[in-house]
Structures are given as C-alpha cells and as structure tokens.
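Chemist: Residue numbering for the sequence shown follows this note's numbering, beginning at 78 and increasing consecutively. Glycine included, C-beta positions come from ideal geometry on N, C-alpha and C. Would you mind keeping the following structure in view while I ask a few things?
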Amino acid sequence: METESHKISEEMKNKIESEIAKRMKAIGQWRGLIESQANAFIAEVEKLLQKTLSKFDQLSASYQELLGKIDLTETEYKKAQTLLSTRLISTTINDLKVNPEILQYFKKKYFEEMPNTVPDKRSEITSIDKAKKFLEQELGVYLQGHENWVQCISLTNDDKYIISTSSDKTVRIWNILERKMEAVLNGHTAPVYSLALTWDNKYIVTGEVNKIIKVWNIETKECECTFQGHNMCVNGLAIAADNRRMASVSSDKTVRLWDLVERKELAVLEGHTNSVRCVTISLDGSHVFSGSSDKTLKIWNFENRTLEASLSGHKSFIYNVKVTSDNRYAVTCSDDRSLIIWDIVSREKVSVLEGHASAVISVGLSSDNKYIVSGSGAYLGQDYSIRIWNLEEKKQEAMILGHTNCVNSVAFTHDGKFIVSGSKDNTVRIWDVSSRKQVVAFADLAFADDWIKPYPEIRALFNKI
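Below, the structure written as structure tokens:
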C-alpha cells in the first residue's frame, strides 16, 4: 500500500500534461490506422460470408418451391427427381481457423516506453532532406512519384527497370536496384493509358487519350516516332517477341496491327461492338487477343488478319487479358469481379476465379505460368487488393493490402519473387511475394501523407513546403 506522496512543481505538472497530450494524439493516430485496416479486413470477410450464405438461401428456396405442388413444370419435375434420387451432404465445411499472419499482426507489441537516454531518430530530423531519408530507410517510401493516377506499369526483361505511365501525362523510368527515378519522359498532351515494351528492352511504346501512340528510345530517352490511326483513346498495346509486330486497341472499337520496324500500320480489325479495353499477343506472334466492353474476348490471326474466335462468359466489361507463354491459357479479368481462365486450343472456359469484392482491373502472369496476380478497385467498391492465384489448382493463395485506390496495373518480376503494382493512389509499389509485404513505394508528396500521419514531427516539416 502506497503511503508516500510527492508534491510536484507547476513546471513538472505542465510537462506531464504536455507529454500526455502528445502521447494521446499519437495513440489516437496509431489506433485509427489499426482500426481502419481491421475494418477493411472485416468488411471483406462479411462480403464473403453473405455470398456464401446466399448459396444456402438459394438452395432452400429451390426446395420450398416444390412444397404443396401437384402439377410440376418440366424443370420442377427434373428437380423433384433429383431430390428423390440423391441425398444432401456437406462436402467442404471444415473448422475455420484464423490465418497465422492475422494473429501475429494483433499479437505484436505496437509501442514501448523508450528511455529518453536512447536517441530517437526522429529527433534528428530537422530538414526535408533528413525527413526524406527517414522515409526511405525506415518505411521504404520514396518521394519521387507521379502527380496523378498511375495507369500502367511494365518491367524490362532483366528486372532492372520499371516503366510507368500516368494521368499526369508522363512516362517514368525507375531503377529497381537503386530505388530511384531515372527519367521522366515528357511529350504526351493527355493522360497516358497504355504501355508496352519491346522484348529487347530498347523501346517503350505508349498510348494516350488523344489517340496518339509514341515510340521512345530507352537509351536516349527520346521519342523517335508517333503513330496515328485510332479515332479515340488508345486503351491497350502489345508487342510480339520478334520486336516487330505490335497491336493497339481503342475506344473506337478497333484493333490495329503495326510494323514497329517499318513504322507503319498493317491492318484495322473490326468486330467488337463496344470499346476495346485490352490486348495481348501470343509469344509466337501468331495470334492477337482483345478484350472489350462488349464482354467478349476475341482471338485474331495476325498473319491473315481474320477473327478466329469470340469467347463469351463475363457478365460485364473485360478490363485486361494475359496469355501464358506456352500458349495454353488466356486469363481475363472483368468488371463483374471475376477472372476467367480460357483454354486457347479448345476455346472453352476452364475456370472462373472469384474473391474480389470490386471490379478486377488488372492481371499478370508469372514467367513459369504457375501463378496469376490480379488487382481490383472501382468507383463503387472498396476492394483495393492485390491477389495471387494458383493457376494449376484454380484457387486464391494470397491477398495483399496496402493500396488506397484502384490497382490499375500489376506484374510479376521475371524471377517471380516480387510483384510491382500501379494505382490510382498515385503510387508505384513493389511487394515481396513470400512475405506479402511492401518493399518499396514511389509516392508523390501529396500522397505520402498516408505514411507520415504517425510522425507529427515529420509531417510538420512537409506541411511547411
């Protein structure tokens, strides 16, 4: 039992009150960050729960429709026969266990009272340069980002550079190893919506809202030529492995074929009935795959410029398409929140991958054709996740959270160890596949505030700019 009392001075009392106020503010910020992440996870689980329960409700309703009836329709009669010739069993209900990553997140120590004798790195931050260094070394955040939405990202085949395009009308080149921006390519007069690289890493090709396609020399950082032909926004670009054949797609409903060496248009392919949003070319250059707002995936023969197949299966816009390097599968993602795996030879739908709670905007494939990566987001949705899928087993393997707006573009590095993403939150980010954690984020100063919030001293410095 404590009996001794200590009378403190007014100065000490004021210091205590000041320190408590500072700590209460920090606690509120940290608590808010954890709560927002937890709420996002809970919302995701609730959506999955409601989707699952609706399956049970639909099954119950289908049985109840038969009750009390004597005259049955053909469909009802078949349902009744199935009812009497089968038994209902549970095939997949197991114990639901919390993912160890989630348990670890909530079990870790979030704060400690560090003696004032131990130097605080943040106390040394007295300038913008020091603040930037702190963000880079401690948080992996680099203030060199786009000033508007990141629309596309792509990687050179040696995994040394990321190329990104944006609504800020620029094309940027990032050095992955040195974690810095190497160049900004200016010349577009409108948002840059499409991007492709030649396989020899010599050229960047970009397409903008104002119908223009530009070809940039990676070494000189200069625009070497401009293609014109489309009547509306250029939504997608693809280059064959021969570094010669190129395809572009547009809101004008066309697919156009180009010769990159002779720098001329070869053909205009018509057949889509709405905006064409994405395009890719098979590794051997023989076929072009285009996805559209008309909900179809079309397969074209590059040589004879003919439509070979039109595949239907999505319930809404197709946003993106990728083809495995062995030409076995095509993978599409859609506004209907799903991905579809297609067998290219049989032209049949193999599997539908569901899990995203918003439109699936971007898709990528690992070099070994074993994994799919997808990114989502929409005006009416709050799912800004990146998901990794096992292509062989047709199932989701991981979900990565961090972006705060639509994930417009995703890609695996060629060694499969990292994922690169570009988003409407203006950032280009690199994620470690094994740990599923963010390694690097290239962010504009305006959007760096998401990381600066827990550090009032640093935030105050940036607010002076």
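#1: So, at 6 Å on beta carbons, what are the nonlocal neighbours of Ile316 in its own chain, with the 5 sequence-adjacent residues on each side left out?
#2: Assuming Gln228 contacts Tyr270 under a Cβ cut-off of 8 Å, what Cβ separation, rounded to an integer in Å, is found between them?
#3: Might you give, ordered along the chain, the residues of its own chain that have their beta carbon closer than 6 Å to the beta carbon of Glu299, omitting 5 neighbours on each side?
#4: In this structure, how does DSSP classify Arg100 when only helix, strand and coil are distinguished?
#5: Please classify Ser325: does DSSP put it in a helix, a strand, or coil?
#6: Is Met309 helix, strand or coil when you go by DSSP?
#7: Taking Ala488 as the reference, give the member of Tyr238, Tyr406 and Glu190 with the closest Cα.
#8: In the structure shown, what three-state DSSP assignment does Phe133 receive?
#9: In this structure, how does DSSP classify Ile93 when only helix, strand and coil are distinguished?
#10: Hey, how far is the Cα of Thr194 from the Cα of Lys90?
#11: At the level of alpha carbons, what is the spacing between His307 and Lys128?
#12: Does Tyr448 come out as helix, strand or coil in the three-state DSSP assignment?
#13: According to DSSP, is Ser493 part of a helix, a strand, or is it coil?
#14: Mapping DSSP to helix, strand and coil, what is Val195?
#15: On the DSSP bridge assignment, give the partners of Ala475 in chain order.
#16: Could you say which of Ala260, Ile289, Ser231 and Lys514 lies nearest to Ser328 if we only look at CA atoms?
#17: I believe His391 touches Ile418 by the beta-carbon criterion, under 8 Å. Please report the beta-carbon distance rounded to the nearest angstrom.
#18: My output table needs one value for Val286: the three-state DSSP class, helix, strand or coil.
#19: By alpha-carbon positions, which one of Phe394, Tyr406 and Thr350 ends up nearest to Ile358?
#20: Going straight from the alpha carbon of Gly105 to that of Ala115, what length do you get?
#21: For Thr383, which beta-bridge partners are listed by DSSP?
#22: Are the stretch 457-473 and the stretch 428-439 touching, with three or more C-beta to C-beta distances below 8 Å?
#23: For Val422, count neighbouring C-beta atoms within 10 Å of its own C-beta (all shown protein chains included) and say buried if the count is 16 or more, exposed if not.
#24: Val286 and Cys591 - do their beta-carbons sit closer together than 9 Å?
#25: Closest by CA to Arg340, which one among Arg321, Ser325 and Val356?
#26: Could you tell me if Ser244 is buried or exposed, where buried requires 16 or more neighbouring beta carbons within 10 angstroms of its beta carbon?
#27: From which residue to which residue does the alpha helix (DSSP H) around Gln228 run?
#28: Mind checking which residues open and close the beta strand (DSSP E) that includes Thr512?
#29: According to DSSP, Leu334 sits in a beta bridge with which residue or residues?
#30: Could you tell me the boundaries of the alpha helix (DSSP H) in which Leu161 lies?
#31: Would you kindly work out how many angstroms separate the C-alpha atoms of Thr401 and Asn503, rounded to a whole number?
#32: For the beta strand (DSSP E) that contains Leu274, what are its first and last residues?
#33: Counting along the chain, where does the beta strand (DSSP E) carrying Ser435 start and finish?
#34: Per DSSP, what kind of secondary structure is Lys501 in: helix, strand or coil?
#35: By the three-class DSSP mapping on this structure, what secondary structure does Ala120 have?
#36: How far does the beta strand (DSSP E) with Arg249 in it reach, from first residue to last?
Modeler: Let me lay it out:
#1: Ala273, Thr275 and Met323
#2: 5 Å
#3: none
#4: helix
#5: strand
#6: coil
#7: Tyr238
#8: helix
#9: helix
#10: Because Thr194 sits at a pLDDT of 47, beneath the cut-off of 50, its placement in the model cannot be relied upon, and the following sentence gives the value as read from the coordinates. One C-alpha to the other measures close to 21 Å.
#11: 42 Å
#12: strand
#13: In the sequence under discussion, the amino acid at residue 493 is Gly, which differs from the Ser named in the question. Three-state DSSP puts Gly493 in coil, outside helix and strand.
#14: Confidence in Val195 is poor, its pLDDT being 44 and thus under 50, which makes the residue's placement unreliable; the coordinate value appears in the next sentence. Looking at Val195 - three-state DSSP - the assignment turns out to be coil, as it is neither helix nor strand.
#15: Ile465
#16: Ile289
#17: His391 to Ile418, Cβ: 12 Å. No contact.
#18: coil
#19: Tyr406
#20: 15 Å
#21: Asn378
#22: yes
#23: exposed
#24: The structure shown has nothing for residue 591, since the chain only spans 78 to 542.
#25: Arg321
#26: buried
#27: Run containing Gln228: none in the alpha helix (DSSP H); it sits in the beta strand (DSSP E), Val227 to Leu232.
#28: With the sequence shown as reference, residue 512 is identified as Ser, and Thr is not the correct amino acid for it. Looking at the DSSP string, Ser512 is not in any beta strand (DSSP E), and its letter there is neither H nor E.
#29: Ala324 and Ala344
#30: Glu151 to Ser162
#31: 29 Å
#32: Val269 to Leu274
#33: First-last for Ser435: undefined, no H or E at that position.
#34: coil
#35: helix
#36: Val248 to Asn252
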